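K.L.:
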Amino acid sequence: MMKGSIKKALPHLAGFIALLAVFIWCAASVYASPSVRKTEYEGAGKIEVTFKSAVRYGSVAVKVKDHTGKNYRTKVIDKDRNDLEFLILNYKSGRNYSFRISGIRKPSEKSWGNVTGTVRIPSPYELPKIKKVSGDVMDREVEFEFDSPVQWKKASVTILLNGRNIVRRIVKKDRDEIEVKVYSLTKGKTYRYIVKGVRRKGGSKYYTVSGTFTA
-16 MMKGSIKKAL PHLAGFIALL AVFIWCAASV YASPSVRKTE YEGAGKIEVT
34 FKSAVRYGSV AVKVKDHTGK NYRTKVIDKD RNDLEFLILN YKSGRNYSFR
84 ISGIRKPSEK SWGNVTGTVR IPSPYELPKI KKVSGDVMDR EVEFEFDSPV
134 QWKKASVTIL LNGRNIVRRI VKKDRDEIEV KVYSLTKGKT YRYIVKGVRR
184 KGGSKYYTVS GTFTA
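In our numbering, the protein residues as written are -16 to 198.
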């Protein structure tokens, strides 16, 4: 009677052990996986993934697909202890992409994990988007950073406080940002900005972008 019961239980026990092994492997993989601090599109299909802490690489690979489920070939072009850059080959603009980086782990872990995330490659015909405004009260400078490469034509920046423009001059503008010098900047105060003469790289029309920021 005892032998028969044990024999019947063996397949269930084997299944449980296999399931437990898979669970332990998955848990180790998740724990070994680094966390993403930010993902940025840098233009021409290049994506930069920055991690919250240092990482180590094995046979690293990146898989990418768009919102329709179509897979895209990729190429890792640079990696270091804090970030990884890869290219999406033959990409289409104006689409959202999901990616999976394998062969990566935290330095303290032995198991290899993976990292997943999403990124949008905007169409050059979309309105430019300012992703970050940084105000330096001491140096009296304000920097506007865009979410993708841009082009300029007769650029101008207005920053208003109580209806008065505080911008003295543009001190720098390049492929993804513009920086201005202001007469004064007060910490904690909210300002309205207007940036003119900017378009996404490859676009046909120059736009005006506006918004607010707090110094």
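Heads up, the beta-carbon is just placed ideally off N, CA and C, and yes, glycines get one too.
Since the structure is predicted, the reported quantities are computational estimates derived from the model, not experimental observations.
Judging by CA-CA distance, which residue of Lys172, Phe127, Thr173 and Ser167 is the nearest neighbour of Lys155?
P.N.:
Of Lys172, Phe127, Thr173 and Ser167, the residue nearest in Cα terms is Phe127.
K.L.:
Check whether the segment 70 to 81 touches the segment 97 to 111, counting contact only when three or more Cβ pairs, one atom from each stretch, lie closer than 8 Å.
P.N.:
The answer is yes - the segment 97 to 111 touches the segment 70 to 81, with three or more Cβ pairs under 8 Å.
K.L.:
On the DSSP letters alone, give me the boundaries of the beta strand (DSSP E) that Leu110 sits inside.
P.N.:
No beta strand (DSSP E) contains Leu110, which DSSP labels as neither H nor E.
K.L.:
How long is the line joining the alpha carbons of Ser94 and Lys35, rounded to whole angstroms?
P.N.:
Going from the Cα of Ser94 to the Cα of Lys35 covers about 18 Å.
K.L.:
Within 10 angstroms of the Cβ of Ala198, are there 16 or more other Cβ atoms? Answer buried if so, exposed if not.
P.N.:
The residue is buried, with at least 16 neighbouring Cβ atoms inside 10 Å.
K.L.:
If you reduce the DSSP assignment to three classes, tell me which class Ala44 lands in.
P.N.:
If DSSP states are grouped into helix, strand and coil, Ala44 belongs with the strands.
K.L.:
Kindly identify the DSSP beta-bridge partner or partners of Trp135.
P.N.:
Beta-bridge pairing links Trp135 to Val181.
K.L.:
What distance in whole Å lies between the Cβ atoms of Ile153 and Ala138, which are believed to be in contact at a cut-off of 8 Å?
P.N.:
7 Å between Cβ atoms; contact.
K.L.:
Could you check the C-alpha separation between Ile60 and Phe82 for me, to the nearest Å?
P.N.:
So the two alpha carbons sit approximately 15 Å from each other.
K.L.:
Count the other CB atoms within 10 Å of the CB of Leu72; is the residue buried (16 or more) or exposed (fewer)?
P.N.:
Flag for Leu72 reads exposed.
K.L.:
Among the residues of its own chain, which have a CB less than 8 Å from the CB of Val165, if the five just before and after it don't count?
P.N.:
So the list reads Arg123, Glu124, Val125, Ile142, Ile149, Val150 and Arg151, once near-sequence residues are dropped.
K.L.:
My output table needs one value for Val120: the three-state DSSP class, helix, strand or coil.
P.N.:
Coil at Val120, not helix or strand.
K.L.:
For Phe196 and Lys112, I'd like the C-alpha separation in whole angstroms.
P.N.:
Cα to Cα, Phe196 sits roughly 14 Å from Lys112.
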